[in-house]
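A.B. asks: Counting along the sequence shown from 1, when you hit position 108 you're at 108 in the numbering used here, and nothing is skipped either side.
No residue lacks a Cβ here, since even glycine has one placed at the ideal position from N, Cα and C.
Treat the numbers as computed from the prediction; the structure is a model and nothing was measured.
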Amino acid sequence: MPKIYYFNTIDSTNDYIKRNQSKLEDRSIVVSKIQTKGRGRSNHKWNSDEGNLYFSMLVKKGIQTDFEDIVDVSVSLVKLLESYGINADIKYPNDILVNGKKIAGILIEKIYSDKLFEVIGIGLNVNQIDFGDLNPIATSIKQVVGKNFVLHDVLHDYINIYKDNHKIEEYIKKSIILGKDIMYLDEEYRVETIENDGKLVLVKDDYSIKVSLNEITLKEFYK
Ligand code: BTN
Numbered sequence: 001m002p003k004i005y006y007f008n009t010i011d012s013t014n015d016y017i018k019r020n021q022s023k024l025e026d027r028s029i030v031v032s033k034i035q036t037k038g039r040g041r042s043n044h045k046w047n048s049d050e051g052n053l054y055f056s057m058l059v060k061k062g063i064q065t066d067f068e069d070i071v072d073v074s075v076s077l078v079k080l081l082e083s084y085g086i087n088a089d090i091k092y093p094n095d096i097l098v099n100g101k102k103i104a105g106i107l108i109e110k111i112y113s114d115k116l117f118e119v120i121g122i123g124l125n126v127n128q129i130d131f132g133d134l135n136p137i138a139t140s141i142k143q144v145v146g147k148n149f150v151l152h153d154v155l156h157d158y159i160n161i162y163k164d165n166h167k168i169e170e171y172i173k174k175s176i177i178l179g180k181d182i183m184y185l186d187e188e189y190r191v192e193t194i195e196n197d198g199k200l201v202l203v204k205d206d207y208s209i210k211v212s213l214n215e216i217t218l219k220e221f222y223k
């Protein structure tokens, strides 16, 4: 079991690890009841009121590519939710949805100080039932299952599932982008599959191309 550091309030569990990585062991986990400066991807704020899980893991050894991490964490979250009777989907690249609403987000940061290390941050909505303005797009385990969960137990369940091997095939099976039509350079393509490096394979008529996430915009597709 990795070392787990518990906080009541912290700015951001990712930032705490970044500041303290030299004192923390590989695979340490930092979890906080509240984050005052919770961060999402693309500089978004991650609302972090009490009731949900906010945690980050430090990886010093065995650093993988971002997409390998995304596969491991996304598939683990899907399996965790499945173990609670919830059917979740993956919104490529790394959002977890239930009934089309976001239940979890992942923020992976690679940092180079004297050595390369990485921080994998996860926000999982557990007991929150009112998301205010975000109600149309956010959900939680409690909203779906109808009862409260003990955060500590959910974290331990996640850690147990995460330590197993997870396969890209499992990620692909749960990805809602598969088979969808998306625009690339003003042409419509169908998403055929996802490669090990995270590139999408797009097909049109009798040819296929591979594109990376930064070459396409998924905004319209996901609206
Ligand atoms: C996203 O979907 O934009 C990613 C959200 C990641 C939020 C988690 S909560 C724990 C960790 N600490 C942070 O400041 N962010 C991540």
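Following the continuous beta strand (DSSP E) through D35, name the residue where it begins and the one where it ends.
C.D. replies: Note that residue 35 is Gln in the sequence shown here, rather than Asp. Looking at the DSSP string, the run of the beta strand (DSSP E) that includes Q35 is 29 to 35.
A.B. asks: Are the beta-carbon atoms of V232 and T13 separated by less than 8 Å?
C.D. replies: Lying outside 1 to 223, the shown extent of the chain, residue 232 is not represented and no answer is given.
A.B. asks: Measuring CA to CA, which of K18, M57, N20 is closest to Y158?
C.D. replies: Comparing Cα-Cα distances from Y158 to each of K18, M57, N20, the minimum goes to M57.
A.B. asks: With DSSP as the reference, please indicate the residues paired to T193 in a beta bridge.
C.D. replies: Partner(s): V201.
A.B. asks: Shortest alpha-carbon distance to I141 belongs to which of K204, H152, Q128?
C.D. replies: Of the candidates K204, H152, Q128, the one whose C-alpha sits nearest the C-alpha of I141 is Q128.
A.B. asks: What did DSSP end up calling F67 once you bin it into helix, strand or coil?
C.D. replies: Three-state result, F67: helix.
A.B. asks: Starting from the N-terminal side, write out each stretch of the alpha helix (DSSP H) that is 4 residues or longer and does not extend beyond the segment 38 to 101.
C.D. replies: Whole alpha helix (DSSP H) segments, 4+ residues: 66 to 83.
A.B. asks: Taking 7 Å as the line, does the beta carbon of F55 fall inside it for any heavy atom of the ligand BTN?
C.D. replies: Answer for F55: yes, Cβ within range of the ligand BTN.
A.B. asks: Cα separation between V119 and G179?
C.D. replies: The alpha-carbon atoms of V119 and G179 are separated by roughly 32 Å.
A.B. asks: Using 8 Å for Cβ pairs, my map puts K79 next to I161. What's the rounded Cβ distance?
C.D. replies: That belief holds up - the Cβ atoms of K79 and I161 are roughly 5 Å apart, short of 8 Å.
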